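Let me begin by presenting the structure, written as structure tokens, before commenting on it.
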Amino acid sequence: MNVTSPVRPALVLRQMHDKNRETTYHDVTNDICKQVEAGFNPRWMGAMAISLVVLAWGCYCLYRTWWFGLGEWGLNKTIGWAWDITNFVWWVGIGHAGTLISAILLLFRQKWRTSINRAAEAMTIFAVLCAGSFILMHMGRPWLGHWCLPLPNTYGSLWVNFNSPLIWDVFAISTYLTVSLVFWYMGLLPDLATIRERATNPISKFVYGLMSFGWDGSAKTWARYEMISLILAGLSTPLVLSVHTIVSFDFATSVIPGWHTTIFPPYFVAGAIFSGFAMVLTLMLVTRFVFKLEAYITREHIEVMNKIILITGSIVGIAYITEFFIAWYSQVSYEQYAFINRMFGPYWWAYWAMMSCNVITPQFFWFRSIRRNIYWTFALSIVVNIGMWFERFVIIATSLHRDYLPSSWAMFWPTYVDVGDYLFSFGFFFTCFFLFAKFLPVINMAEVKSVLKASNEQSSEGYADDEYNTVEEKAVAQH
Amino acid sequence: MAGHKHLSLANEKMQFEFTATLKTRLLTGMAIGAGMILLWIIWAMLVPEAASHGPEHTMASGGAEGGHAYSWTKRLWANLWLCTLYFNGIALLGIFFFAVNYLAWAGWSALIKRVPETFGYFLFVTAPLLLIIFFLGGHEIFHWTDASLYEKGGANYDKIIAGKQGFLNTPFFLVRMIIYFSLWIGLFLFLRRMSLAEDKITDLRGYLKKPDLYNKIVYYSTAFIVVFGVTISTSTWDWVMSIDTHWFSTMFGWYNFASYWVASLATITLAVILLKEQGYFTNLGEHHLHDLGKFMFAFSIFWTYIWFGQFILIYYANIPEETVYFNARLNGGFYRPIFFLNIFLNFIVPFLSLMAKESKRTMTILKVVACNILVGHYIDFYMMIMPATVGQHADFGLIEFGCVTLFASAFIYMFAHQLSKAPLIAKNHPLLKESLYFTQFN
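So the sequences go chain by chain: A and B. Sequential numbering from 403 applies to the first sequence in our numbering. Sequential numbering from 9 applies to the second sequence in our numbering.
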């Protein structure tokens with residue numbers, strides 16, 4: 403027996419067009435398959451066209467990067483990486499929310515995740531691919547990318563440096579991508595089978611049939627599905643932490659002031675979840691509006707995600723203050739200089755952009771009305787992602803641009819190719835996301851159906867005191 | 009699975025009874041602990057050199073800051089400080105458990121919420137104790153209390169410590185300590201009062217429709233979490249990190265949090281199981297135990313993560329200002345085996361023994377692992393406090409065992425005493441029914 407307290411808000415609302423009717427299993431299927439089954443929506447085509455244009459421009463800049471070399475970027479001898487690694491860390495961070503939602507929230511039995519996990523996981527996968535693209539870009543010779551892997555080779559003593567955190571990154575991120583992909587795809591299977599069963603056109607039936615791996619919906623299949631979900635959740639939970647931990651090691655294992663600080667691992671993870679949830683909100687609010695999914699992605703969902711943004715944003719804020727305080731407390735002049743220089747040096751504007759976007763703006767979410775307001779949430783989610791981009795830029799560029807040798811002091815300014823490569827990742831990300839939104843169900847129908855019954859009981863009038871108080875209790879109360 | 013049987017509070021003992029037998033046992037425990045401490049003190053006064061670890065370990069005086077001559081009183085104060093902090097942490101994190109569960113609207117734990125809630129009362133013991141120990145023995149624990157370090161041109165002048173004076177000075181230290189405790193205790197009493205007021209509600213149906221008191225507890229739990237989030241780091245800098253006065257690590261506050269948190273979770277598990285064995289919590293089944301086991305398992309890994317993150321970054325960068333801390337522990341003679349024991353007890357044992365589902369549902373295994381974790385995290389704090397205070401004179405003797413016995417008995421006494429003063433089960437908790445019917449399949 404499964405009891406849900408009436409104080410919990412309903413996770414699925416009544417139908418938008420007919421407020422008197424509870425949402426049924428059939429409604430869920432219809433509402434979510436509609437996008438996949440209908441023809442191309444003009445708004446979707448417009449959005450897709452824009453992202454393809456951006457992608458095309460990005461491809462041109464990428465061509466310049468690879469054909470003419472990294473001299474096309476604004477790097478110099480002092481600042482050997484800046485824009486590319488900033489983008490890399492930013493995208494990896496964004497790629498944290500999906501697996502957090504599907505794995506950690508599954509382990510914590512957070513049922514609200516059911517209507518957002520699918521899209522968040524898809525976003526995770528695309529974001530991680532975008533992140534990886536910056537590594538290939540910076541290689542200059544992407545055709546040698548496989549040299550990152552410890553492959554047996556005939557190049558003499560050429561071997562990866564296992565002591566390098568950059569190699570740990572290769573392992574961490576490729577593992578994360580693989581597990582996230584498997585997790586996401588496995589969750590898709592029952593829904594793909596639903597689409598297969600509903601398909602009227604033989605090509606769709608064939609394609610979705612192929613993709614659903616012959617899902618038959620038997621009790622045994624479901625039992626395996628649930629078992630594998632839990633196993634994968636258990637496997638991905640440490641991965642959610644390890645990926646950004648290792649990304650933080652890229653910096654923290656060094657002896658560069660401002661990079662070498664022990665709080666980096668958990669603070670980077672918190673920052674990643676912070677920006678990941680912000681990106682999920684940005685995308686989900688648009689998807690919710692375009693596909694009319696208000697009954698499934700409710701204000702309750704938005705509020706809960708905003709709470710996570712508030713918590714992780716505050717953790718990040720505490721970490722900033724801790725770093726700053728300990729830099730003073732350590733009495734190490736290099737550390738002290740690094741932090742003062744961040745605030746008042748030539749990149750002061752980046753520092754204050756980071757502080758105001760990451761620490762101050764999330765504090766608005768202390769107000770319930772703002773947490774539940776769609777427009778505020780949308781605006782703030784974008785602000786948070788801007789702030790998190792600046793955070794990485796501040797850490798990377800300000801620590802590098804002041805070398806130990808003052809004669810080597812320099813500045814980094816991006817070229818149009820830098821910006822174009824960044825746009826490439828946006829074009830790629832949105833193209834993937836729009837393809838996903840059109841051809842795959844954006845909400846996990848099967849899992850939403852599993853919370854539907856309890857939701858309807860909660861949202862229906864006069865639910866339940868009677869059910870909540872069992873017969874024996876009434877008997878006890880009468881005595 | 010609970011199946012379709014109806015569970016209710018009818019067969020549940022609503023009131024914990026602090027029996028005379030238990031009372032006697034705990035008082036005896038305290039007396040034995042105090043006796044061991046006294047015995048050790050007498051022995052140390054009669055044969056001072058014997059009370060310190062033998063002279064063969066005088067090499068590299070560990071991380072002991074400064075050149076204070078060792079005297080046995082140092083070990084006494086360090087031990088008292090260690091135990092007070094450890095149990096203070098367990099008590100504080102009990103309130104944290106309560107607050108986090110409210111904040112997350114957790115249903116499964118509603119049945120046992122009085123257990124962690126009651127831990128908070130031990131702050132009334134630790135708050136004055138920390139003050140007293142600091143007044144009487146602070147000079148022997150905290151190198152920075154030595155005024156000669158700040159005299160410019162003096163033989164003892166230490167530029168780095170003098171630079172920290174704005175933070176590390178006795179008045180500010182005391183002010184901070186008083187602020188922490190007034191915030192913690194104030195919010196705790198407030199939460200406790202509301203929690204007990206909920207029991208008095210008679211119209212449960214009306215309350216479920218409009219759970220105003222529940223929402224208020226959530227609200228103040230949030231306030232507690234905010235206060236806690238800041239003070240757990242700052243209090244750690246004050247009470248633990250500043251013992252190694254030169255050394256610093258930004259992770260240190262969160263590392264201490266992780267350690268206290270696992271210890272507190274183990275204490276909660278232990279308390280719940282012992283109460284169940286006494287016939288309380290009849291509705292508590294293997295599914296609840298499974299969750300407590302998962303908590304211990306997960307946060308043992310979390311502690312390891314934080315511990316390793318801090319260690320590897322310092323080890324890898326190899327900056328002398330930072331490695332001095334681990335050098336004193338890893339290469340510090342007496343401490344080297346304990347350094348590895350720490351990882352073994354706090355990671356390997358819980359990781360391997362709690363991995364399987366059934367072990368998280370078996371009370372005996374949970375009890376053994378919880379005790380192991382409690383010992384392990386005592387060792388963890390031992391490793392934070394001892395090297396910079398007693399250095400190579402450290403040992404495990406009468407004083408260590410005496411202090412632990414005294415504090416553990418006192419903690420349980422306070423817990424049992426306060427637990428008996430309020431209903432054991434919060435019968436009007438809006439999520440209680442979820443907790444009664446809780447299964448892992450929800």
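Cβ coordinates follow ideal geometry from the N, Cα and C atoms, glycine included. Being a predicted model, the structure only gives us computed values, none of them experimental.
For residue i, the nearest candidate out of the options (CA to CA)
i: Phe615 of chain A; options: A:Asp593, A:Ala499, A:Pro604; result: A:Asp593
i: Ile658 of chain A; options: A:Leu802, A:Val734, A:Gly441; result: A:Leu802
i: Trp730 of chain A; options: B:Phe175, B:Met53, B:Pro179, B:Ala418; result: B:Phe175
i: Gly441 of chain A; options: A:Thr425, A:Lys840, A:Lys855, A:Leu854; result: A:Lys840
i: Trp269 of chain B; options: B:Leu137, B:Thr312, B:Ala135, B:Glu408; result: B:Thr312
i: Ala39 of chain B; options: B:Val412, B:Leu440, B:Glu442, B:Pro431; result: B:Val412
i: Asp299 of chain B; options: B:Ile393, B:Ser156, B:Ala52, B:Ala274; result: B:Ala274
i: Thr779 of chain A; options: A:Phe838, A:Gln738, A:Ile728, A:Met681; result: A:Met681
i: Ser650 of chain A; options: A:Asp823, A:Val491, A:Glu439; result: A:Val491
i: Arg200 of chain B; options: B:Phe310, B:Ala279, B:Lys429; result: B:Lys429
i: Phe127 of chain B; options: B:Ile393, B:Ile346, B:Pro179, B:Ile98; result: B:Ile98
i: Ser732 of chain A; options: B:Thr253, B:Tyr227, B:Tyr343; result: B:Thr253
Own chain residues within Cβ distance below 7 Å of residue i, not counting five before or after
i: Phe693 of chain A; result: Gln437, Val844
i: Val414 of chain A; result: Thr425, Ala697, Tyr698, Val850, Val853, Leu854, Ser857
Beta carbon of residue i nearer than 8 Å to that of residue j
i: Val796 of chain A; j: Met847 of chain A; result: no
i: Gly145 of chain B; j: Thr239 of chain B; result: no
i: Trp493 of chain A; j: Cys532 of chain A; result: yes
i: Trp152 of chain B; j: Ser79 of chain B; result: no
i: Val377 of chain B; j: Val398 of chain B; result: no
i: Leu212 of chain B; j: Asn436 of chain B; result: yes
i: Ala499 of chain A; j: Ala522 of chain A; result: yes
i: Leu101 of chain B; j: Phe196 of chain B; result: no
i: Leu353 of chain B; j: Val332 of chain B; result: no
i: Met392 of chain B; j: Ala402 of chain B; result: no
i: Phe585 of chain A; j: Leu634 of chain A; result: yes
Local conformation of residue i per DSSP, three classes
i: Gln23 of chain B; result: strand
i: Pro219 of chain B; result: coil
i: Pro659 of chain A; result: coil
i: Pro124 of chain B; result: helix
i: Pro345 of chain B; result: helix
i: Pro411 of chain A; result: coil
i: Pro179 of chain B; result: helix
i: Pro328 of chain B; result: helix
i: Pro431 of chain B; result: strand
i: Asn555 of chain A; result: coil
i: Thr116 of chain B; result: Reading the sequence as shown, one finds Trp at residue 116 of chain B and not Thr. Coil.
i: Arg369 of chain B; result: coil
i: Thr664 of chain A; result: coil
i: Glu285 of chain B; result: helix
i: Gln765 of chain A; result: helix
i: Phe807 of chain A; result: Before going further, note that residue 807 of chain A is Leu rather than Phe in the sequence given. Coil at Leu807 of chain A, not helix or strand.
i: Gly448 of chain A; result: helix
i: Gln733 of chain A; result: coil
i: Phe691 of chain A; result: helix
i: Pro438 of chain B; result: coil
i: Ile169 of chain B; result: helix
i: Met202 of chain B; result: helix
Beta-carbon contacts of residue i that lie in its chain and below 6 Å, excluding the five residues immediately before and after
i: Tyr129 of chain B; result: Met422, Gln426
i: Ile276 of chain B; result: Val123, Pro124
i: Ala721 of chain A; result: Ile665, Tyr669
i: His147 of chain B; result: Thr153
i: Ile710 of chain A; result: Phe679
i: Leu278 of chain B; result: Ala378
Proximal residues to residue i (C-beta, below 8 Å), its chain only, five neighbours per side dropped
i: Leu439 of chain B; result: Trp113, Ala114, Gly115, Ala118
i: Leu30 of chain B; result: Ala424
Sufficient close CB pairs (3 or more, under 8 Å) joining the segment 423–430 of chain B to the segment 21–38 of chain B = The segment 21–38 of chain B and the segment 423–430 of chain B touch, with three or more beta-carbon pairs separated by less than 8 Å.
Between the segment 764–780 of chain A and the segment 205–223 of chain B, do three or more beta carbon pairs fall short of 8 Å?
-> no
Could you tell me whether the segment 132–144 of chain B touches the segment 85–93 of chain B, using the rule of 3 or more Cβ pairs below 8 Å?
-> yes
For the 8 Å Cβ check, are there 3 or more pairs between the segment 822–834 of chain A and the segment 453–460 of chain A?
-> yes
Touching or not, the segment 635–645 of chain A and the segment 469–485 of chain A, by the rule of three or more beta carbon pairs under 8 Å?
-> no
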